[in-house]
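Engineer:
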Amino acid sequence: MIISRRGPILFASEAHAGPITPLLAIAGELGSRGGAGLWFASTDDREADVERLPGVGFASLGEPRPDLSPANWDDATYNRVNSASRLGSFAAFLRQFFDPAHVLGMYQRALALIDEIEPSLMVIDSNCVGAMDAAMTRGVPYVMNSAPHVSHLYPERLPRHFPAVHSGLPLPMTPGQRLVNSTFKVLRLGVLLNPATIGDSVRYVRRRRALGLRNPSGLSSRFADSAAAVIGNTLFGIEYPFPVPDNVRMLGPMVPSGGAGLASHPGLAGWLAERSPVVYVGFGTTMRLSPAGLAKVLGTMAAFRGRYRFLWSLNAAQQSLLPEAPPDNVRLATWVPQTEVLAHPNVMAFWTHGGYGANHGLHFGKPLLVTPDSWETRDFGVRFANSGAALLVDNIRRVPPAELTARLDRLLTEDGFRSRAEYWQRRFEAAGGVTAAADLVLEHA
């Protein structure tokens, strides 16, 4: 089908895997439908990923900033940002990611691309502030994609007893949890008003105002309000319900349609097809475990010898820390095609850190064991657990090995988890996912 529209569509995202992956899926869906004028802007390290998409051109937002990628942090920085303390983690997160020069530099580069490409519409990740600033300055309508839960876009508007962003708290809450939630909100405000940092924040807002930016405070809710549409990458029932503006559309995860499957991975396809069932293990691109933590995971896998095999996607740096060879029911890989693996009928469950891609498991009807490593992924984890399709292990570093094994055994043997995962699979299919997102983009193009 050839698509006609008023002008080009320009996608924009930072390079981190979590935010960019759903936008790549939407752009790929549109490209596969035919028609010219699709562009994708990101930093130069994503050029090859964009060029693999049919009919999509790459537009550079400049060189990547390695220090902004969690994969490049030293262990001390990683541990501060992912501290067991909610407040300590929040303060470290702000210190690591508050970079006015980066945001304003992205704004200037996005302005230049808009002037060059002259898009009729932009599709922008909710974390790509500079691109949204540029779209608003030039009056280009945009669709915002929210890979995080949409409640993260409206923190100042959430109901009183709604879990604070990055609190890792469930809904409903016990009286004690409500107290923790309220206290965290107050103490978090204290971090924002810290005399050591508030000066930088004030200068940043003044600079944004001097540039004439339409959202000088940079509030995510104002960016969302200004969007032609906001795409939520999950559904209410996993995300906790709250009043949302009319432009919010909950479409489920953005999983590419019509992929090549495992045809280009014959060795992996053959292994998956062997008789015994498989648990897919993927902790994302940034989660780090110590040698002791890695040994705990290996020990859990070994406990299922003769019953289940494990496909573990683990980067080379983490593989180098493995204290022993994996048991014979484990296959290690530095990377696997995650959605194709999860689609395989022999994969029974997804052991995940709970990041943006965890919804892929439910998209294919696979229950989740969630072992988060940050307060953001704890926010995801409690929601998945409340959905009935997952079990949450709050702290993999502290959980006794026997308890970790028991949790996974329960996930694999109790039919209720699979039943709920298949329920969410049907709900996601009805919501439309990447196909509905592409249709929505075309409605506004």
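Take the position in the sequence shown, starting the count at 1, then add 832; the result is the number in our numbering.
The beta-carbon is built from N, C-alpha and C at its ideal position, and this holds for glycine as well.
Suppose the cutoff is 8 Å on Cβ atoms and the five residues either side in sequence are ignored; what does the same chain contact list for residue 894 look like?
Structural biologist: 875, 876, 937, 938, 941
Engineer: Spatial neighbours of residue 1152 within its chain, please: C-beta separation below 8 Å, excluding the five flanking residues on both sides.
Structural biologist: none
Engineer: Straight-line CA distance for residue 859 to residue 978?
Structural biologist: Their Cα atoms are separated by approximately 15 Å.
Engineer: Rounded to whole angstroms, what's the CA-CA distance from residue 943 to residue 1110? Just pull it up for me.
Structural biologist: CA-to-CA, the gap between residue 943 and residue 1110 works out to about 48 Å.
Engineer: If contacts are defined as beta-carbon pairs under 8 Å, then residue 934 and residue 900 qualify, I think. What distance do you get, rounded to the angstrom?
Structural biologist: 7 Å
Engineer: Please classify residue 1157 as buried or exposed, where buried requires at least 16 other C-beta atoms within 10 Å of its C-beta.
Structural biologist: exposed
Engineer: Mapping DSSP to helix, strand and coil, what is residue 1118?
Structural biologist: Under the three-state reduction of DSSP, residue 1118 is assigned to coil, being neither helix nor strand.
Engineer: Which same chain residues end up closer than 8 Å to residue 836 when comparing Cβ atoms and leaving out the 5 residues on each side of it in sequence?
Structural biologist: Any reading at residue 836 must be qualified, since the residue scores a pLDDT of 45, below 50, and its modelled position is unreliable; the value itself is stated next. Hits under 8 Å: 867.
Engineer: Nearest CA to the CA of residue 1028: which residue from 1139, 1062, 1050, 927?
Structural biologist: 927
Engineer: For residue 871, does the three-state DSSP call read helix, strand or coil?
Structural biologist: strand
Engineer: Would you mind reading off the limits of the alpha helix (DSSP H) that contains residue 1250?
Structural biologist: 1247 to 1263
Engineer: With DSSP collapsed to three states, give me the class of residue 910.
Structural biologist: helix
Engineer: What do you reckon, are the CB atoms on residue 887 and residue 1187 nearer than 7 Å?
Structural biologist: no
Engineer: Beta-carbon within less than 6 Å of residue 1113's beta-carbon, same chain only, minus the 5 sequence neighbours each way: which residues are those?
Structural biologist: 1142, 1144, 1183
Engineer: Given this structure, state the Cα-to-Cα distance separating residue 891 from residue 841, to the nearest angstrom.
Structural biologist: One C-alpha to the other measures close to 12 Å.
Engineer: Could you check which residue in 1202, 1172, 1023 has the C-alpha nearest to that of residue 1226?
Structural biologist: 1202
Engineer: Under 8 Å by Cβ, that's how I've got residue 812 and residue 1066 pegged, so tell me the actual separation to the nearest angstrom.
Structural biologist: Not covered by the structure: residue 812. The range shown for the chain is 833 to 1277.
Engineer: Do residue 996 and residue 1017 have their CB atoms nearer than 7 Å?
Structural biologist: Yes, Cβ-Cβ distance for residue 996 and residue 1017 is below 7 Å.
Engineer: How should residue 1167 be labelled, buried or exposed, when 16 other C-beta atoms within 10 angstroms of its C-beta is the threshold for buried?
Structural biologist: exposed
Engineer: Mind the definition here: the segment 982 to 1001 touches the segment 916 to 925 only if three or more C-beta pairs lie below 8 Å; say whether that holds.
Structural biologist: Yes, the segment 982 to 1001 touches the segment 916 to 925.
Engineer: What span of residues does the alpha helix (DSSP H) with residue 1133 cover, start to end?
Structural biologist: 1123 to 1134 is the span of the alpha helix (DSSP H), which, as asked, contains residue 1133.
Engineer: Look up residue 956 in the DSSP assignment and say whether it is helix, strand or coil.
Structural biologist: strand
Engineer: Would you list, in sequence order, the uninterrupted alpha helix (DSSP H) runs of no fewer than 4 residues that lie entirely inside the segment 1142 to 1173?
Structural biologist: 1148 to 1151
Engineer: Let me know the secondary structure DSSP gives residue 977 once reduced to three states.
Structural biologist: Secondary structure at residue 977: strand, using DSSP grouped into helix, strand and coil.
Engineer: For residue 1037 and residue 1051, I'd like the C-alpha separation in whole angstroms.
Structural biologist: 11 Å
Engineer: Measure the C-alpha to C-alpha separation of residue 857 and residue 1205 and round it to an integer number of angstroms.
Structural biologist: 26 Å
Engineer: What are the boundary residues of the beta strand (DSSP E) that residue 935 is part of?
Structural biologist: Not the beta strand (DSSP E): residue 935 falls in the alpha helix (DSSP H), residues 932 to 949.
Engineer: Below 8 Å CB to CB, which residues in the same chain sit around residue 1001 once its five sequence neighbours on both sides are set aside?
Structural biologist: Cβ neighbours of residue 1001 beyond the five flanking positions: 995, 1009, 1012, 1013, 1214.
Engineer: Confirm, please, whether the CB-CB distance from residue 1047 to residue 1054 is below 7 Å.
Structural biologist: yes
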